[in-house]
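The numbering used here numbers the first residue of the sequence shown as 3 and each following residue consecutively.
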Amino acid sequence: MSNRENIMISMNNVREVKHVVTGMKSTDGDGVQLTRIIGSAQLPMLDPFLLLDAFESDQAQDYIGGFPSHPHRGFETVTYLLAGRMRHKDSEGHEDVIEPGGVQWMTAGKGIIHSEMPEQENGLLHGFQLWVNLPAKDKMTLPAYQEFSADKITIEQHENGAVIRVIAGKTNKGSTGPVINSYINPTYLDVSLPKGEIFEQVVADDNNAFIYVIDGELSIGSDSRNIRKHQLAVLGEGEYVQIKAQQDTRFLFLAAQPLNEPVARGGPFVMNTKEEVTQAFNDFKHQ
């Protein structure tokens with residue numbers, strides 16, 4: 003890409019910050035302390051992203067209760083760990099341990115009952131769980147898993163010191179993540195960026211996109227809007243994302259195609275109508 007093309011992209015198509023969310027302290031499961039960033043009153047959803055929880059504590063009492071057996075239907079859960087270990091078990095006999103740097107992309111589909119329990123009694127547990135909606139025609143698909151340990155995650159290193167962990171989608175340099183998802187064609191990047199350096203990423207203009215700052219501080223777009231640690235920035239329209247690190251920074255970048263369908267929620271079930279949610283509760287009760 004020429005310098006002139008870069009300038010045109012920067013001036014005309016760069017995505018700016020639409021609004022900023024700090025999240026709300028909450029508890030879930032058996033008393034697990036977390037911050038609900040998407041799925042709160044500040045940001046109920048960002049189609050197709052239904053929920054984003056961040057958990058980060060080295061105090062065992064904040065997480066040791068875990069998430070005992072509970073059902074899901076109609077969407078996908080994405081668990082990404084930076085520190086600690088989490089054991090997953092489900093009603094179909096599937097079992098796995100998510101370790102630091104690993105990701106589990108679970109398609110609940112027509113229904114699954116699972117538990118997510120810490121595999122540690124002390125130390126830091128740090129990570130994220132994202133809920134991603136499924137289109138109406140696929141909500142009753144069979145449950146499925148994509149699970150990748152840290153050594154299976156694509157890592158792209160730049161001369162400026164930037165490190166990009168590619169979970170899903172493709173970077174500007176062509177690095178592709180292991181997760182394949184044709185429902186929403188997501189991009190999920192974990193980016194470490196040294197102070198003063200710039201990260202750029204092309205994104206489809208019909209995608210919804212956000213940045214979550216894990217650590218440090220960065221500025222976004224031609225407006226240079228500063229976003230600090232533990233803040234999420236919803237991005238406006240455009241075909242290009244441009245980020246500058248104001249200090250050594252680590253952040254998540256996510257983008258995906260919106261489904262533009264009705265959403266009906268009922269606790270662990272996400273369907274298109276209230277009647278479908280009621281049916282999900284009845285099916286769970288009588289199984």
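The beta carbon of each residue, even a glycine, is placed where N, CA and C say it ideally should be.
As the structure is a prediction and not an experimental result, all values here were calculated from the model.
Check, Outcome
"Whose C-beta lies closer than 6 Å to the C-beta of S71 among residues of the same chain, with five residues either side of it excluded?", "I115, S117"
"From E161, I182, A164, pick the residue whose C-alpha is nearest to that of G171; which is it?", "I182"
"Hey, quick one: how far does the alpha helix (DSSP H) through E277 stretch, first residue to last?", "276-288"
"Under the three-state reduction of DSSP, which class applies to Q249: helix, strand or coil?", "coil"
"Looking at the secondary structure, which residues open and close the beta strand (DSSP E) in which A110 lies?", "First-last for A110: undefined, no H or E at that position."
"Tell me which residue opens and which closes the beta strand (DSSP E) that P73 is part of.", "69-74"
"Quick check on this structure: which residue in P264, L234, E97 has the alpha carbon closest to the alpha carbon of D217?", "L234"
"Is A257 near the ligand GTP, with its Cβ less than 7 Å from a heavy atom?", "By its list of ligands, the structure shown contains no ligand whatsoever, and the ligand GTP lies outside what it can speak to."
"Taking Cβ positions, are N210 and D49 nearer each other than 8 Å?", "yes"
"So does the stretch 46-64 actually touch the stretch 125-133, counting three or more Cβ pairs closer than 8 Å?", "yes"
"Which residues does DSSP list as the beta-bridge partners of R331?", "For residue 331 there is no data in the structure shown, the boundaries of the chain being 3 and 289."
"Quick check: the stretch 131-145 against the stretch 74-86, are there 3 or more CB pairs under 8 Å?", "yes"
"Here's a check: name, in chain order, each residue in its chain whose Cβ is nearer than 6 Å to the Cβ of S194, leaving out the five neighbours to either side.", "V165, R252"
"Give the straight-line distance between the Cα atoms of D208 and Q259, rounded to the nearest whole angstrom.", "6 Å"
"Rounded to the nearest angstrom, what separates P270 and S224 at their Cα positions?", "40 Å"
"What does the alpha-carbon distance come out to for the pair S226 and Q244?", "9 Å"
"Do T143 and K112 have their C-beta atoms within less than 8 Å of each other?", "yes"
"Specify the secondary structure class of K139 as computed by DSSP and reduced to three states.", "helix"
"Can you tell me whether A152 is helix, strand or coil according to DSSP?", "helix"
"To the nearest angstrom, how far is the alpha carbon of M3 from that of E277?", "Confidence is the limiting factor: at M3 the pLDDT is only 45, short of 50, which leaves the residue's position unreliable and the question unanswerable from this model."
"Taking all protein chains shown into account, decide if H74 is buried (16 or more other Cβ within 10 angstroms of its Cβ) or exposed.", "buried"
"For E94, write down the residues that DSSP places opposite it in a beta bridge.", "E94 is not bridged to any residue."
"Could you give the C-beta distance for E149 and D192, rounded to a whole number, given that I count them as a contact under 8 Å?", "The pair is not a contact, with the Cβ atoms about 17 Å apart (cut-off 8 Å)."
"Under the three-state reduction of DSSP, which class applies to A62: helix, strand or coil?", "helix"
"Tell me which same chain residues have a C-beta within less than 7 Å of the C-beta of N15, skipping the five on either side of it?", "G240, E241, Y242"
"What are the boundary residues of the beta strand (DSSP E) that M47 is part of?", "M47 -> no beta strand (DSSP E), and no H or E assigned at all."
"Could you tell me which of R89, G268, A206, T37 sits nearest to N187, measuring between CA atoms?", "A206"
"Alpha carbon to alpha carbon, how far is T189 from L256?", "5 Å"
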